[in-house]
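Protein sequence lines, in the order shown, are assigned to chains A and B. Numbering of the first sequence is given in the UniProt record's numbering, commencing with residue 1 and proceeding in unit increments. Numbering of the second sequence is given in the UniProt record's numbering, commencing with residue 1 and proceeding in unit increments. Shown next, in structure tokens, is the structure this report addresses.
2 protein chains.
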Amino acid sequence: MRIGQLAQSVGVDTQTIRFYERQGLLPPPGRQENGYRVYTEKHVERLAFIRRCRILDLSLAEIHELKRYQDAPHQSCTAVNALLDDHISHVRSQITALQALEKQLVSLRARCNDDREVKACGVLAGISEGSMHQQ
Amino acid sequence: MRIGQLAQSVGVDTQTIRFYERQGLLPPPGRQENGYRVYTEKHVERLAFIRRCRILDLSLAEIHELKRYQDAPHQSCTAVNALLDDHISHVRSQITALQALEKQLVSLRARCNDDREVKACGVLAGISEGSMHQQ
DNA sequence: ATTGACCTTATAGCGACTATATAGTTTTAA
DNA sequence: TTAAAACTATATAGTCGCTATAAGGTCAAT
Numbered sequence: 001m002r003i004g005q006l007a008q009s010v011g012v013d014t015q016t017i018r019f020y021e022r023q024g025l026l027p028p029p030g031r032q033e034n035g036y037r038v039y040t041e042k043h044v045e046r047l048a049f050i051r052r053c054r055i056l057d058l059s060l061a062e063i064h065e066l067k068r069y070q071d072a073p074h075q076s077c078t079a080v081n082a083l084l085d086d087h088i089s090h091v092r093s094q095i096t097a098l099q100a101l102e103k104q105l106v107s108l109r110a111r112c113n114d115d116r117e118v119k120a121c122g123v124l125a126g127i128s129e130g131s132m133h134q135q
Numbered sequence: 001m002r003i004g005q006l007a008q009s010v011g012v013d014t015q016t017i018r019f020y021e022r023q024g025l026l027p028p029p030g031r032q033e034n035g036y037r038v039y040t041e042k043h044v045e046r047l048a049f050i051r052r053c054r055i056l057d058l059s060l061a062e063i064h065e066l067k068r069y070q071d072a073p074h075q076s077c078t079a080v081n082a083l084l085d086d087h088i089s090h091v092r093s094q095i096t097a098l099q100a101l102e103k104q105l106v107s108l109r110a111r112c113n114d115d116r117e118v119k120a121c122g123v124l125a126g127i128s129e130g131s132m133h134q135q
């Protein structure tokens, strides 16, 4: 299977595949005489795994780490769970920060009832005054 | 006032100040004979405004846009409010996406009760299987 | 013979900084 | 007074995860 077919079957751009290879995330495939990359089913699985990790918003570094755990299948999986726990708390703190931000933005927005002159706009005034609490 | 003092009074790195200048966000200050930048109170206010916008997670492009509105103080401020409304809905959709992600991660995490072998780890199995719903 | 679809590498761009290298200037302390 | 520390300047590269572009080689069909 060539790169275009792999790309299509996993739903990824060919550039992204070459990028993952350069990053050491996807093992270098064989080559045809003309230099074209040749992939196997293993590559399909591996690439799909990477993509599912990315959907979970794991970083490439974290995916690397997971790969290292997979390569030592008889070790305890504590580290895998720890990685996930860390990631979950990361996501949760992002949510918390964004919720605080939303609140701030909504209260700023409430300072202006449209159609004033820019000069009198409560929103701009609100930002300029610095009547903002640090998050 | 020199760059270091400006940096300290607003709580920004000097590099960031020079970066904002290059981006056209902060007007180029005067220079001493030795080439050192000399800032005024206007620069302090302007930089503080930029920082408060950044705390609200507005992009540099959005801050540019706000600046253009400020430069036309007699226009209607509808566009200012629209910018903020757009930003609020952007933040809200980020929150929604992250909440869905959190849910997915938590359910994945529930598939493993620590201390198994990596080989039998429900978390890794869960990612590999592809038993994931697209967000 | 040429078009078009595919493949190759190399390089630059995104956003908002941050870090590093190299050098000149000013201030402070021994 | 001199030497070190602290400040300033510019230019350039790195971060992250791609995405885009350029410039070319390969292959099948028309």
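Each residue gets a CB set at the ideal place from its N, CA and C atoms; glycine is no exception.
Exercise for review: Determine the contact status of residue 81/B and residue 106/A, defining contact as a CB-CB distance below 8 Å.
Suggested key: No, Cβ-Cβ distance for residue 81/B and residue 106/A is not below 8 Å.
Review point. Are at least three pairs of beta-carbons, each pair with one atom in the region 83-92 of chain B and one in the region 26-46 of chain A, less than 8 Å apart?
Key: The region 83-92 of chain B is not in contact with the region 26-46 of chain A.
**Study point:** Alpha carbon of residue 108/A to alpha carbon of residue 13/A, nearest angstrom
**Key:** Cα to Cα, the separation comes out at about 41 Å.
Practice item. Check each candidate in 6/B, 55/B, 31/B, 32/B and name the one with the smallest Cα separation from residue 45/B. Key: Taking only the C-alpha atoms, the option nearest residue 45/B is 6/B.
Practice item. Under 8 Å by Cβ, that's how I've got residue 55/A and residue 102/B pegged, so tell me the actual separation to the nearest angstrom. Key: Actually they do not touch by this definition, with Cβ atoms about 13 Å apart.
Review point. Could you give the distance in angstroms between the alpha-carbon of residue 35/A and the alpha-carbon of residue 125/B?
Key: Whole-angstrom Cα-Cα distance: 35 Å.
Exercise for review: Locate the alpha helix (DSSP H) running through residue 102/A, then write down its first and last residues.
Suggested key: Residues 78-109.
Check your understanding: For the putative contact between residue 26/A and residue 47/A, defined by C-beta atoms under 8 Å, what is the C-beta separation to the nearest angstrom?
Key -> By a beta-carbon distance limit of 8 Å, residue 26/A contacts residue 47/A. Their separation comes to about 6 Å.
Check your understanding: With which residues is residue 117/B paired in a DSSP beta bridge?
Key -> In the DSSP output, where bridge partners are listed per residue, residue 117/B has 76/A.
Check your understanding: How is the alpha helix (DSSP H) around residue 20/B delimited, first residue to last?
Key -> Residue 20/B -> alpha helix (DSSP H) spans 14-22.
Point to revise | Given residue 129/B as reference, the closest of 53/A, 4/A, 16/A, 23/A once Cα atoms are compared | key: Checking every option, the nearest Cα to that of residue 129/B belongs to 53/A.
Check your understanding: Hey, how far is the Cα of residue 104/B from the Cα of residue 98/B?
Key -> Each residue's Cα considered, the two are about 10 Å apart.
Practice item. Could you name the residues of chain B that residue 27/A contacts, counting a contact when the two beta carbons are closer than 7 Å? Key: Those do not exist, as residue 27/A stays about 16 Å from chain B at its closest Cβ, beyond 7 Å.
**Study point:** Reduced DSSP category for residue 2/B - H, G, I as helix; E, B as strand; rest coil
**Key:** Three-state DSSP puts residue 2/B in coil, outside helix and strand.
Practice item. Please confirm if residue 61/A has its CB atom under 8 Å from at least one CB of chain B. Key: Residue 61/A does not count as touching chain B.
Review point. To which residues of the same chain is residue 10/A closer than 7 Å at the C-beta, ignoring the five residues directly before and after it?
Key: So the list reads 44, 47, 48, 51, once near-sequence residues are dropped.
Exercise for review: Determine the DSSP secondary structure at residue 126/A, reduced to helix, strand or coil.
Suggested key: Three-state DSSP puts residue 126/A in a helix.
Exercise for review: List the whole-angstrom C-beta distance separating residue 69/B from residue 118/A, where the pair is believed to meet the contact cut-off of C-beta under 8 Å.
Suggested key: 5 Å between Cβ atoms; contact.
Exercise for review: Give every residue of the same chain whose Cβ lies closer than 7 Å to the Cβ of residue 4/B, excluding the five residues on either side of it in the sequence, and list them in chain order.
Suggested key: Annotation for residue 4/B: 14 place their beta carbon closer than 7 Å to its own, counting only its chain and skipping 5 residues before and after.
Review point. Under 8 Å Cβ-Cβ, which residues of chain A neighbour residue 124/B?
Key: Listed along chain A are 66, 69, 70, 77, 80, each with a C-beta nearer than 8 Å to that of residue 124/B.
Exercise for review: Just confirm the distance between the C-beta atoms of residue 23/A and residue 60/A, as a whole number of angstroms; I'd bet it's less than 8 Å.
Suggested key: With 8 Å as the limit, residue 23/A and residue 60/A qualify as a contact, their Cβ atoms being about 6 Å apart.
Exercise for review: For residue 92/B, go through chain A and note every residue whose CB falls closer than 9 Å to its CB, in chain order.
Suggested key: The answer, in chain order, is 98, 102.
Point to revise | Own chain, CB closer than 7 Å to residue 30/B, minus 5 neighbours either side, in chain order | key: 38.
Practice item. Please find out if some non-hydrogen atom of the ligand FAD comes closer than 7 Å to the beta-carbon of residue 13/A. Key: No copy of the ligand FAD appears in this structure; indeed no ligand is present at all.
Point to revise | Straight-line Cα distance separating residue 91/A from residue 74/A | key: Going from the Cα of residue 74/A to the Cα of residue 91/A covers about 29 Å.
Point to revise | Members of the region 107-118 of chain A that neighbour chain B once the beta carbon cut-off is set at 8 Å | key: For chain B, the residues of the region 107-118 of chain A that bring a beta carbon within less than 8 Å of one of its beta carbons are 108, 109, 112, 114, 115, 116, 117, 118, in chain order.
Check your understanding: Do we get a CB-CB distance below 8 Å when we pair residue 16/A with the residues of chain B?
Key -> Under the Cβ criterion of 8 Å, residue 16/A is not counted among the residues facing chain B.
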